[in-house]
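Have a look at the structure below before the remarks.
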Amino acid sequence: MNTQLDKIQKLIDNGNSVLKTHKPNAPNVIGFATCNLELFTTWKIQALSFLKNNCGLSSPYYTEFFSKVSTPHMSQINIGLGILKAVLEDFDENNETLDYSESNQSANSNIKELKKIFISHATKDKVIIEEIIELLESIGVESEQIFCSSFEGYGIPLGENFLEEIRKELSSDVLVLFVLTENFYESKVCLCEMGAAWALSKQHIPIVVPPLSYSDIQGVIPLTQGLIINDITKLNSFKERIEELFNFKNKLSFSTWERKRERFIRDVETHFSVS
């Protein structure tokens, strides 16, 4: 079996492993049997990333998986497994060559100048998010370029469908910042949002907030280009990355940045316990 078929089969095996974590409902409870949310989220992110990179955002496989596999219900996981099995057969019959017009426009495509930043976060972490927004604006990002649901003027318009609005926002050239905290991992909404945002976005940066560390989250999403929120060296790299992605012409002087960075670290550390 070749490499791509191996990857699809592994996704199918992982999905079956998620199914085994289901907990039957109590006799007097009517509803869907659910599986482990963290394992489901990891599997969903991996599956959507594979479908995006190998089939394309416009492929029926990707759109069906994205729209029908959103919660850790056994019925939805089985739908996802059915889609992956269809992909496996299609890849096998076509020697791994599928053409859906956008199939080659993967995350490895040439990166365009970005236009917006989407901050994926837990509502309980609002004070930390406010510090991040102020840091972004001090780097040069305009307020209208920041999409954050916890603050008026930065979020989803009233009456809009949450997941549809995320999909619409991320269909453009957007950088996603995942602010990973204990509150984030306790929120089902955040984990579902993370799966959608990771799969749709071209660029993403995980920001880890203590007491969490890289080791706490390495099994959930890839941590390439991630940072601990109060790491001086990583924050310097973060600033340079933002300037590069948004093609800023007028950049902060290093002395001004140092002052703003130190104030950010001082203020943000008041909101968590550093171990």
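Residue numbers (the numbering used here): 85 to 359.
Each residue gets a CB set at the ideal place from its N, CA and C atoms; glycine is no exception.
{"Query": "For the putative contact between Leu132 and Tyr145, defined by C-beta atoms under 8 Å, what is the C-beta separation to the nearest angstrom?", "Result": "So it is not a contact: roughly 10 Å between Cβ atoms."}
{"Query": "With Ser204 as the anchor, note down where its beta strand (DSSP E) starts and where it stops.", "Result": "200 to 204"}
{"Query": "Is it buried or exposed, Phe149, if we count other Cβ atoms within 10 angstroms and call 16 or more buried?", "Result": "buried"}
{"Query": "According to DSSP, simplified to helix, strand and coil, what is Val293?", "Result": "coil"}
{"Query": "Under the three-state reduction of DSSP, which class applies to Phe332: helix, strand or coil?", "Result": "coil"}
{"Query": "Shortest alpha-carbon distance to Phe338 belongs to which of Gln229, Thr155, Arg350, Ser321?", "Result": "Ser321"}
{"Query": "Would you say Gly99 and Ile163 are within 7 Å of each other, going by their C-beta atoms?", "Result": "no"}
{"Query": "Under a three-way DSSP split, which group does Thr155 fall into?", "Result": "coil"}
{"Query": "Which term fits Asp209, buried or exposed, when burial requires 16 or more other beta carbons within 10 angstroms of its beta carbon?", "Result": "buried"}
{"Query": "Counting C-beta neighbours from all protein chains within 10 Å, is the total for Asn138 16 or more, i.e. buried, or is it exposed?", "Result": "buried"}
{"Query": "For Arg345, count the other beta carbons within 10 Å of its own beta carbon; 16 or more makes it buried, fewer makes it exposed. Which is it?", "Result": "buried"}
{"Query": "Taking DSSP as the reference, what is the three-state secondary structure of Val225?", "Result": "coil"}
{"Query": "By DSSP, does Thr87 sit in helix, in strand, or in coil?", "Result": "helix"}
{"Query": "Can you tell me the Cα-Cα spacing of Thr126 and Asp315, whole angstroms?", "Result": "26 Å"}
{"Query": "Going by the CB atoms, is the gap between Val225 and Leu264 shorter than 7 Å?", "Result": "no"}
{"Query": "Val258 and Ser285 - do their beta-carbons sit closer together than 7 Å?", "Result": "yes"}
{"Query": "CB Ala206 to CB Met158, shorter than 7 Å?", "Result": "no"}
{"Query": "If you reduce the DSSP assignment to three classes, tell me which class Phe356 lands in.", "Result": "coil"}
{"Query": "Among Ser151, Phe124, Leu103, Asp97, which residue has its Cα nearest to the Cα of Lys272?", "Result": "Phe124"}
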